[in-house]
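Undergrad: Protein chains in written order, with our numbering: chain A, 10 to 190; chain B, 54 to 298. Sharing a structure here in structure tokens format.
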Amino acid sequence: MTTPDDVELVTRVANGEERAFLMLYDRHVGRVHALTLRILNNPMLAEEATQDTFLKLWGRARLYLNERGPLLLWLLTIARRTALDRLRLEARRPMLSDANDPEDSWDLIPDLNTLPEESRWRSLYFAVQSLQPDHRQVIDLAYYQGMSQSEIAEVLGWPLGTVKSRLRAAMEHLREKWNEE
Amino acid sequence: MALDEHSLLRENIPAYALGALDAEDIRALEVHLQTCESCRAELADYRFVSDNLLSAIPPAQPSPALRKRLQSHLPSAQKTTRPRFIWSFSRLAMGGALALLFVMNLFSFAQMRALQRQQLSVQRQLQNNQAALAMLSYPGTEALAIAAGNISGTVLLDRDRNSAALVVWNLPELSEEQTYQIWLIEADEDRVSAGLFRPQADLPYTTQPVFSSQSISNFVGIGVTVEPSGGSEQPTGPRIFKVDF
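Shown next, in the form of structure tokens:
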């Protein structure tokens, strides 16, 4: 028997099938939770954001449009917004000790038991790791902490122009790296 | 457009794709994107980068208890415990909102006599109340409770007639430089502005219609934030409340 793909499962979720929902949960929770944990840096808050993300999947499955991208990307987009909303609600702006040491921010070493489906995130992960530390730092604050360039300049005590140029350079580096693949 | 201006706007595209562009620069770039094909192509490239950043993290499993908690929210787990409560809560909320709006209307008339100078704004408030009352007379109108600390009230939602209104008590007063902004929330969590308002002076409640050019059914929730006077493209200030549809 073939394993149902995401599109089939999300259609079944839209029709209220709980088993399909739990299959999607089992399939994607590791990626969703990794993102909420990355943003909130707190296991309890991250679990709440992960739960909210999947409850939104349950309630909004009928609104998913396959032509706009894969289901996982949709889920991760919802997870990021949910976690950033929570971050804002908690008024938990990152402490300098969290944000200032980029090495600490990316210190998770992936499991070496590489599975085929893991090759994609691994290649993305190592591309981000290959950024210069100060470039990685602005990406971290902008994307995973939801800060604007002005807020980053304030938190790091850098001139706004420096933040802008480092963010552009980091994005250009990743664009070139990922376009090669 | 001058080449220099194009180059300056183009430099903002990576930050825009990351959601890190400052609010005052967003509008100019979005206007430029409408007419500049090369910048739109570049934005698509950088959106690809930001999408990839969502996946550039090693997976992490939550505790097994999370799966059980999620299952407890599914209908099969709730059939034995919650349907009656949900039904009665909805009816209670509707009845409460009716009583509330009746009292509020009386209060509005009294205020109109006493506050001649504010006649125009009170009239607007009254119209809003009446619109809300009219909505309540429709059988399809849903009344969703607002509860956020000291702030309470009701979201009236009529999907069939594509209309909605807020009735909110105890909204804090704002400075002249601030406004409340209503946001309709899309399935992917994007926010669409649905109007600005300020609390009615000397009234403890505010009734405010919600304006949407799209079908209300396209949205999954509604929220209110405090924004600079004139409003923002996206929420930037503190959230006052949020209600899921």
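Positions of the beta carbon are idealized from the N, C-alpha and C atoms, including for glycine. As the structure is a computational prediction, the values presented were derived from the model and not from experiment.
Asn203 of chain B: buried (16+ other C-beta within 10 angstroms of its C-beta) or exposed?
TA: exposed
Undergrad: Suppose contacts are defined by Cβ-Cβ distances below 9 Å. Is Asp98 of chain B in contact with Arg184 of chain A by that definition?
TA: yes
Undergrad: Return helix, strand or coil for Thr11 of chain A, following the three-state DSSP convention.
TA: coil
Undergrad: Enumerate in chain order the residues of its own chain whose CB-to-CB distance from Gly290 of chain B is below 7 Å, with the five nearest sequence positions on each side excluded.
TA: Closer than 7 Å at the Cβ level, and outside the excluded window around Gly290 of chain B, lie Thr278, Val279, Glu280.
Undergrad: Based on the DSSP output, what are the partners of Trp204 of chain B in its beta bridges?
TA: In the sequence as displayed, the identity of residue 204 of chain B is Ile instead of Trp. DSSP lists B:Ala201 as the beta-bridge partner residues of Ile204 of chain B.
Undergrad: Cutting at 7 Å between CB atoms, please list the residues of its own chain near Leu40 of chain A, excluding the five before and the five after it.
TA: In the sequence as presented, Leu is not what sits at residue 40 of chain A; that position holds Arg. For Arg40 of chain A, where only same-chain residues beyond five positions count, the Cβ hits under 7 Å are Leu81, Leu85.
Undergrad: Report all residues from its chain with a CB closer than 8 Å to the CB of Leu227 of chain B; omit the five preceding and five following residues, and keep chain order.
TA: Tyr233, Arg251, Pro252, Val279
Undergrad: Going by DSSP, what residue range makes up the beta strand (DSSP E) through Tyr233 of chain B?
TA: 231-239
Undergrad: What's the call for Pro115 of chain B, buried or exposed, on a 16-neighbour Cβ count within 10 Å?
TA: buried
Undergrad: In this structure, does DSSP put Ala109 of chain B in helix, strand or coil?
TA: coil
Undergrad: Could you say which of A:Ile48, A:Leu133, A:Arg175 lies nearest to Phe186 of chain A if we only look at CA atoms?
TA: One detail in the question is off: residue 186 of chain A reads as Lys in this sequence, not Phe. Among A:Ile48, A:Leu133, A:Arg175, the Cα nearest to that of Lys186 of chain A belongs to A:Leu133.
Undergrad: How is Leu256 of chain B classed by DSSP in three states: helix, strand or coil?
TA: coil
Undergrad: Within 10 Å of its beta-carbon, does Met53 of chain A have 16 or more other beta-carbons around it, so buried, or fewer, so exposed?
TA: exposed
Undergrad: Candidates B:Arg122, B:Leu219, B:Ile66: which alpha carbon is nearest Thr260 of chain B's?
TA: B:Leu219
Undergrad: Quick check: is the beta carbon of Met32 of chain A nearer than 9 Å to any beta carbon in chain B?
TA: Under the 9 Å criterion on CB atoms, Met32 of chain A is classed as non-interfacial with respect to chain B.
Undergrad: Within 9 Å (strictly less), CB to CB, does Pro142 of chain A reach chain B?
TA: no
Undergrad: What separation, rounded to the nearest whole angstrom, lies between the Cα atoms of Ser125 of chain B and Lys65 of chain A?
TA: 15 Å
Undergrad: Is the separation between the beta-carbon of Asp297 of chain B and that of Gly68 of chain A shorter than 9 Å?
TA: Less than 9 Å divides the Cβ of Asp297 of chain B from the Cβ of Gly68 of chain A.
Undergrad: For Pro168 of chain A and chain B, any beta-carbon pair shorter than 9 Å?
TA: no
Undergrad: Distance cutoff 9 Å, beta carbons only. Does His126 of chain B sit that close to anything in chain A?
TA: Answer yes: the Cβ-Cβ gap between His126 of chain B and chain A drops below 9 Å somewhere.
Undergrad: Using only alpha-carbon positions, find the residue among B:Ala200, B:Ile269, B:Gln231, B:Asp241 that is nearest to Ala247 of chain B.
TA: Among B:Ala200, B:Ile269, B:Gln231, B:Asp241, the Cα nearest to that of Ala247 of chain B belongs to B:Ile269.
Undergrad: Select from B:Leu71, B:Asn65, B:Glu77, B:Ala76 the residue whose C-alpha is nearest the C-alpha of Gln86 of chain B.
TA: It is Leu, not Gln, that sits at residue 86 of chain B in the sequence shown. Taking each of B:Leu71, B:Asn65, B:Glu77, B:Ala76 in turn and checking the Cα distance to Leu86 of chain B, the smallest one comes out for B:Asn65.
Undergrad: Output yes if chain A places a C-beta closer than 9 Å to the C-beta of Gly72 of chain B; else output no.
TA: yes
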